[in-house]
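Novice:
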Amino acid sequence: MKFTLSWLKDHLETEASLEEIVDSLTRIGLEVEHLDDKSALRPFVIAKVLTASRHPDADKLQVLTVDTGDGKPLQVVCGAPNARAGLIGAFAAPGTYVPGIDLTLSVGKIRGVESHGMMCSERELQMSDEHNGIIDLPADAPVGTSFAAYAGLNDPVIEINLTPNRPDCTSVYGIARDLAAAGLGKLRNGPIVPVQGAGPALVDVHLDLGDDTHLCPGFAWRTVKGVKNGHSPQWLQQRLIAIGLRPINALVDITNYLTFDRGRPLHVFDADKVSGNLTVRRGREGEQILGLNGKEYRLGPDNVVIADADGVESIGGIMGGEYSGCDENTTNVVIESALWDAMNIARTGRTLGIITDARYRFERGVDPEFMIPGLELATQLVLDFCGGTPSEAKVIGYKGHTPKIVQFPASEVKRLTGIDVPAETSLDILSRLGFKPQGSGELVDVVIPSWRPDIDGKADLVEEVMRIHGVDQIDPQPLLSHAAVNGKILTTLQIRTRNARRALASRGMMEAVTWSFISEASAKAFGGGQSELKLANPIAADMSDMRPSLLPGLLAAAQRNADRGFNDLALFEVSGTYEGNTPDAQRRVAAGVRRGTAKLEGSGRHWSGNIGSVGVFDAKADALAVLEACGAPIDKLQIESGGPAWYHPGRSGTIKLGPKVILGTFGEFHPKTLETLDVSGSLCGFEVFIDAIPEPKRKATRTKPALNLSDFQIVRRDFAFVVDKAVEAGAIVRAALAGDKKLITGVQVFDLFEGASLGAEKKSVAIEVAIQPVERTLTDEDLEALTKRIVESVGKQTGGVLRG
Amino acid sequence: MDDLVQLESVLAAQIESANDEAAIEAVRIAALGKKGSISEKLKSLGSMSPEERQLQGPAINGLKNRITEALTARRNALKDAAISVRLEKEKVDVTLPVRAAPAERGRIHPISQVIDEITAIFADMGFSIAEGPDIETDYYNFTALNFPEGHPAREMHDTFFFNPDENGERRVLRTHTSPVQIRTMENQKPPIRIVIPGKTYRMDSDATHSPMFHQVEGLVIDKSANVANMKWVLEEFCKAFFEVPSLKMRFRPSYFPFTEPSLEVDIQCDRSGKEVKFGEGSDWMEILGCGMVHPNVLRAGGLDPDEYQGFAWGMGIDRIAMLKYGMPDLRAFFDADVRWLQHYGFRPLDMPTLFGGLSA
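Taken in sequence, the protein lines are chains R and A. So the working numbering is basically just the index in the first sequence, starting at one, shifted up by 941. So the working numbering is basically just the index in the second sequence, starting at one, shifted up by 31.
Now the structure itself:
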């Protein structure tokens, strides 16, 4: 919402400075977004051309001497056809920024002749599009004084960022009312005198909306005969230009002016172009209208239109039609001031893609009680500017406005804001804003003005009091703490999420945040793509499906980095994945991807030894590190061969807790998966389902279990078992551990060997078994018996035999 | 006596020229072994007259001691020399680079770090962290938050929708973290003090808007929380977050469907230099929206607005991260460019705490 200072002062009697006004606007919730104090036009002065002669080297240029008022005529080269001795115009000296050509002038030579400035056209000063010649002022224009002041261009323009709840401030008058309430001056709120019209209107209007009368709750109009539609007055044109509107002709300018002045959109039809009478009705499928903006719109029954016998003449409350619009030949007019349904206007505007000042106001809510005064005001301006004979005003459909009444306990201000405002002060503020408190005291019925559809309850009235009384009057008050020392704040899942992040970053990985939505192909490659997880309106085709896994996003990110020349990198993300559209189907997952040689210990070549390509065991180590950091029962986890289909079937694993709970997967990727995602290189990755890790058991105390250290020395024995290649090392370790649950405290795999000497389908797995005597030092016989049990257990479980 | 002097000088010369342990040992045996030259001399004491013995005894024993000492000294000197040689051989070029530790290479994303900073501050003020789903129903995202039918946010050009289900209901990607307010009120009796960080989604994409972004929401509900308390909480937060001793804030009346009264908050800053400085200067920067929870929202949460009251606020995590740490473009947050992560990311052990300074 834009307006000028002088325009505001039409409605606000005030001594306040521009700065005070601007500060107050922001303070009461009408945030000033931009202020143009027009200082840019200050350097332009009124100057007189003393002499004009042909440029020696150019037919279309003249060399002028120009008096800028200081008695030292300047030489100026000018190309304007109307430049002549005696002309008085607007002059810009070197160093002046000329907005219309976006240029700061300097002394220049034009075809060999020095030019010390410029005589300007209206377009160069952004006053209008006029550029056929330089500005040509009356002979009495005072040479040497400010052109902007003379031409009324020094009127500061204020733009406020209006919140959608304030339709009343889509008008300069409404803004003045708010400022007056805030103590900035007095609102000039004289009555609007109805025009004395006579005789019936030339055109009749009917409402044809069936039961949906709410779509047009009122329609007022009158006709004016014998108007002369020329230019509107200079002052009005200047105001329209100042707020960015183009003056067109008096009739159109009047409707635009009142839209901003009073928040009252209007339309004027050329009555002679209306065929028969006008009907307000729903649009018909396929009906079209050529809008005033020159664009064709296709209408339907969801739109409300004003139509005559030939078709649609106006999209109600949004935009008039080109055909019945007014031009310089218009002599008889229909002035329309109507009410429209805010929701329907908003929807119609959106579906048709039309943004107009009328729509802006109607979709927020136009004051119904100003429909008729608005018509009167418009008629008066038409008579003032264009003459003519008005008919009587007609109104149909309007049932009058029933004001809302809100019960207002004055104590509510203190309750919600914390500040003491006396009841009288609150009621006085409300009265100044146009509310009508019924009586006085602690509990008052307040009648809500017709221009404030946003006010529904007492909290709304508190806001009115607060913003006018001043938010800065409210002193901060501490929010008292519930406890001196706060207890644990985070949930287990939140702690685990944080720990997972820090653990993975500590492993040399970088945390990425990738899109929650990925392409359909990527989603399907990772088990997703369900219809309930597809966006109806994705922002891009490859951001259409909620991700079933963090891996596709990370793999794509790794590839983007590789494409930039960074081949060795490790990325992770701890975030949500989506198995369905319900809250419990959103998982909390930690995932990571390593590419190239980005292993834990480093990457790439190094004098101390080069790092090889990443593989399944790097991913496994990452996954286990996350589980450990999240407090999963590491000693109870089972690792199973193989994982979901997107992994390499022979180089992937699944981490389980018991037969059902899957805590994670890891591995290298299936070549087809990589092909689908269009990524390449050595890659491995993992996912850990943090939300599947069971809550730790609550313990009564924080005491750790007692530490029992054995007095007897630990014994280590090595075994090498020859087994079938398919036998998993994990099975051998488990079998060895089963050899003696009490004495064996650990089993390490320290060597793997495959070779022709063992046979093609065999391998050797060497383990070191740690044996911790408990009660006494073990004798040779004890150890021999234990060894035998280990060998037997491994043999029984895996078919392994001791390597000879 | 002369032969003792001579023997000593011979032995001393032999010790001096012994260049390894074996040579020293040979000298020792030749002098002090069973049949060594000094041992022989000692043995000869027995056959001497007492007077002669009195004279020769100390002389021979003295010789023995001096030779023993000389042997030990020579042996130690040789050992030291051998160690020196070995050490010299073992010298390496310590300027060769070592690999950086994993914890030095890894990075935490600025969004996670800032969420941890926010958590540290609000946890200190007694707030807990609440979370909620990204995929929301129309009810939680709009209706319960007092968004009127026909509000522009409910249209396809602002909000991501899923296809309607069998009941015709369209789920949405939440456009703000505010649905968690309702979910919390439904599950927890006041007093409520929560902050809600999380992902949010809107149909927007430019340097400062992204279709996915992060918000943090705050909610306080009890029987007395008011605008004055809200101002205090937000001022304390902003000072702590931007790590400045004082910071002017400007609360402007504004509008949000889910609060009444509603306010927008600007913070004091200085934009005259290359970097934006907070807590000084004469510019204002909009940082958050807030207000008293709208009575309709309290009702939607099952609370009586005449009994309970409270305030809520929301701000962009990505935005305040950009403001504090100076990232120019929001889109880079989601690109996972390792150069960006390396530069703007945080070390894994840089855990934000209040006692250690959030970012110090």
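Note that the Cβ used here is the ideal one computed from N, Cα and C, for glycine as well.
Please name the residue, chosen from A:L38, A:G88, A:T239, A:V226, that lies closest to I252 (chain A) on a Cα-to-Cα basis.
Specialist: Looking at the Cα atoms, A:V226 is the closest of the given residues.
Novice: Is the beta carbon of R130 (chain A) sitting closer than 7 Å to the one on G1543 (chain R)?
Specialist: Yes; because the gap between Cβ atoms is below 7 Å, this pair is in contact.
Novice: Would you give the residue range spanned by the alpha helix (DSSP H) that I98 (chain A) belongs to?
Specialist: Per DSSP, I98 (chain A) belongs to the alpha helix (DSSP H) from 81-121.
Novice: V1454 (chain R) CB to nearest chain A CB: under 7 Å?
Specialist: Yes, because at least one Cβ of chain A sits closer than 7 Å to the Cβ of V1454 (chain R).
Novice: Express the C-alpha separation of F173 (chain A) and A331 (chain A) in angstroms, rounding to a whole number.
Specialist: When rounded, the distance between both Cα atoms is 11 Å.
Novice: Along the chain, where does the beta strand (DSSP E) that runs through Y1238 (chain R) open and close?
Specialist: That run of the beta strand (DSSP E) goes 1237-1239.
Novice: Could you give the distance in angstroms between the alpha-carbon of T1715 (chain R) and the alpha-carbon of A1679 (chain R)?
Specialist: The amino acid occupying residue 1715 (chain R) in the given sequence is Val; Thr does not appear at that position. So the two alpha carbons sit approximately 17 Å from each other.
Novice: Work out the CA separation of G1252 (chain R) and L1005 (chain R) for me, nearest whole Å.
Specialist: Those two C-alpha atoms are separated by around 58 Å.
Novice: So, is the C-beta of V211 (chain A) closer than 7 Å to a C-beta in chain R?
Specialist: Cβ-Cβ to chain R under 7 Å: no for V211 (chain A).
Novice: Which residues, in chain order, does the segment 1618-1640 of chain R contribute to contact with chain A at a C-beta distance below 9 Å?
Specialist: Listed by position, the residues of the segment 1618-1640 of chain R near chain A (Cβ gap below 9 Å) amount to none.
Novice: Examine chain A for any beta-carbon lying closer than 7 Å to the beta-carbon of A1425 (chain R), and answer yes or no.
Specialist: Taking Cβ atoms only, chain A never reaches closer than 7 Å to A1425 (chain R), which makes this a no.
Novice: Could you please give me the residues that DSSP links to P179 (chain A) through a beta bridge?
Specialist: DSSP lists no partner for P179 (chain A).
Novice: Could you please tell me which residues of the segment 1707-1722 of chain R, in chain order, have their CB closer than 8 Å to any CB of chain A?
Specialist: Listed by position along the chain: nothing, the set is empty.
Novice: Taking Cβ positions only, does E200 (chain A) come closer than 7 Å to chain R?
Specialist: E200 (chain A) does not count as touching chain R.
Novice: Please list the partners that E291 (chain A) has in chain R, where partner means a Cβ-to-Cβ separation under 7 Å.
Specialist: A1400, D1401, E1404, listed in chain order.
Novice: Since W919 (chain R) meets chain A, which of its residues come closer than 9 Å, beta carbon to beta carbon?
Specialist: Summary: the structure shown does not reach residue 919 (chain R), with chain R confined to residues 942 through 1745, and so no result is reported for it.
Novice: What are the start and end residues of each continuous beta strand (DSSP E) run of 3 or more residues lying completely inside the segment 1268-1333 of chain R, in chain order?
Specialist: Runs of the beta strand (DSSP E) inside the segment 1268-1333 of chain R: 1274-1280.
Novice: Out of R:E1514, R:R1501, R:C1571, R:G1468, state which residue places its alpha-carbon closest to the alpha-carbon of T1614 (chain R).
Specialist: Answer by Cα proximity: R:G1468.
Novice: Please list the partners that P326 (chain A) has in chain R, where partner means a Cβ-to-Cβ separation under 7 Å.
Specialist: Here the neighbours are G1398, A1400.
Novice: Report yes or no: is there a C-beta of chain R within less than 7 Å of the C-beta of G137 (chain A)?
Specialist: It does: the Cβ of G137 (chain A) has a partner Cβ on chain R nearer than 7 Å.
Novice: Using the three-state DSSP reduction, which class does D196 (chain A) fall into: helix, strand or coil?
Specialist: The answer is coil: DSSP assigns D196 (chain A) none of H, G, I, E or B.
Novice: Under 7 Å, Cβ to Cβ, is there at least one residue of chain R near H140 (chain A)?
Specialist: True, the Cβ-Cβ gap to chain R drops below 7 Å.
Novice: Give the straight-line distance between the Cα atoms of S1490 (chain R) and C1625 (chain R), rounded to the nearest whole angstrom.
Specialist: The alpha-carbon atoms of S1490 (chain R) and C1625 (chain R) are separated by roughly 15 Å.
Novice: So, using beta-carbon positions, are K1737 (chain R) and E1702 (chain R) closer together than 7 Å?
Specialist: Cβ atoms of K1737 (chain R) and E1702 (chain R): not closer than 7 Å.
Novice: Relative to the alpha-carbon of Q1178 (chain R), which residue among R:V1275, R:C1267, R:L1650, R:Q1067 has its alpha-carbon at the smallest distance?
Specialist: With distances taken between Cα atoms, Q1178 (chain R) lies closest to R:Q1067.
Novice: Given this structure, state the Cα-to-Cα distance separating G1227 (chain R) from I1276 (chain R), to the nearest angstrom.
Specialist: Each residue's alpha carbon lies about 28 Å from the other.
Novice: Among R:I1099, R:A1677, R:P1135, which has the Cα closest to the Cα of S947 (chain R)?
Specialist: If we check each option's Cα against that of S947 (chain R), R:I1099 comes out closest.
Novice: In chain R, which residues lie less than 8 Å from W263 (chain A) when you measure between Cβ atoms?
Specialist: Those are P1417, Q1418, P1419, L1420, listed as they occur along chain R.
Novice: Does any C-beta atom of chain R lie closer than 7 Å to the C-beta of G229 (chain A)?
Specialist: It does not: the Cβ of G229 (chain A) has no partner Cβ on chain R nearer than 7 Å.
Novice: Helix, strand or coil for M280 (chain A)? Go by DSSP, reduced to three states.
Specialist: Residue state, collapsed to three classes: strand.
Novice: At a Cβ cut of 7 Å, what residues of the segment 1319-1337 of chain R count as close to chain A, listed as they run along the chain?
Specialist: Residues passing the 7 Å Cβ filter: none.
Novice: Would L982 (chain R) pass as a contact of A1089 (chain R) if the rule is Cβ separation under 7 Å?
Specialist: Cβ distance < 7 Å, so L982 (chain R) and A1089 (chain R) count as in contact.
Novice: Short of 7 Å in beta carbon distance, which residues of its chain neighbour T1111 (chain R), apart from the five on each side in sequence? Order them along the chain.
Specialist: Counting only Cβ-Cβ distances below 7 Å, and skipping sequence neighbours, we find M942, L1103, G1204, Y1301, R1302, R1305.
Novice: Buried or exposed: where does Q1003 (chain R) fall if 16 or more other Cβ atoms within 10 Å of its Cβ makes it buried?
Specialist: Q1003 (chain R) should be labelled buried.
Novice: Does at least one heavy atom of the ligand SAM sit under 6 Å from the Cβ of P81 (chain A)?
Specialist: Of the ligands one can find in the structure shown there are none, so the ligand SAM has no counterpart to examine.
Novice: Thinking C-beta only, is I1184 (chain R) closer than 7 Å to L971 (chain R)?
Specialist: No, the pair does not count as a contact, with Cβ atoms beyond the cut-off.
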